[in-house]
Amino acid sequence: INRDPHGYKPVNTFQKEKKKTKIVAVKVIDKKRAKKDTYVTKNLRREGQIQQMIRHPNIAQLLDILETENSYYLVMELCPGGNLMHKIYEKKRLEEHEARKYIRQLILALPYQCL
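Residue numbers (UniProt numbering): 1 to 115.
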């Protein structure tokens, strides 16, 4: 499984309900590394709960948060096209019409992120 630079990795299947199986992305957060970042340790659960309530086509949905002894796992909707940061990194620059499209999507999603 390939990791992207932000720690997400695609997972073959995630079965939330018996009849539905879907491909998801899982972000793995190492607890030892997270303890060094006070923001992560203080806000991970709260932000996860808020993120699970958000429903918008331009925001990847957080489906579940799992925890083991060593890691947190954020199970998220898989966006096969990647994220905006990946696109910018890949292309080095965006044409004006492309940038306009992405900025519009960001603006439309903004009210959902500011709960």
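Even for Gly, the Cβ is constructed at its ideal location relative to N, Cα and C.
Does the beta-carbon of residue i have 16 or more other beta-carbons within 10 angstroms, so that it is buried, or is it exposed?
| i | result |
| --- | --- |
| methionine 76 | buried |
| leucine 66 | exposed |
| alanine 25 | buried |
| leucine 62 | buried |
Put residue i into one of helix, strand or coil per three-state DSSP.
| i | result |
| --- | --- |
| glutamate 90 | helix |
| lysine 22 | strand |
| lysine 31 | helix |
| glutamate 96 | helix |
| lysine 42 | helix |
| lysine 36 | coil |
For residue i, collect the residues of the same chain with a Cβ closer than 6 angstroms to its Cβ; drop the 5 residues on either side in sequence, then sort them by chain order.
| i | result |
| --- | --- |
| tyrosine 89 | none |
Starting from the C-beta of residue i, find all residues in its chain whose C-beta is less than 8 angstroms away, skip the five residues before and the five after it, and write them out in chain order.
| i | result |
| --- | --- |
| isoleucine 29 | Gly7, Val40, Leu44, Ser71, Tyr72, Tyr73, Leu74 |
Give a yes or no on whether the minimum CB-CB distance between residue i and chain D is below 8 angstroms.
| i | result |
| --- | --- |
| isoleucine 23 | Considering every chain present, this structure includes no chain D. It has just one protein chain. |
Measure the beta-carbon distance from residue i to residue j and round it to whole angstroms, keeping in mind my assumption that it falls under 8 angstroms.
| i | j | result |
| --- | --- | --- |
| leucine 94 | asparagine 58 | Between asparagine 58 and leucine 94 the Cβ distance is about 16 angstroms, and since that is not below 8 angstroms, they are no contact. |
So, at 7 angstroms on beta carbons, what are the nonlocal neighbours of residue i in its own chain, with the 5 sequence-adjacent residues on each side left out?
| i | result |
| --- | --- |
| alanine 60 | Met76, Glu77, Cys79 |
Whole runs of the beta strand (DSSP E) within the region 46–83, excluding any shorter than 3 residues: 62–67, 71–77
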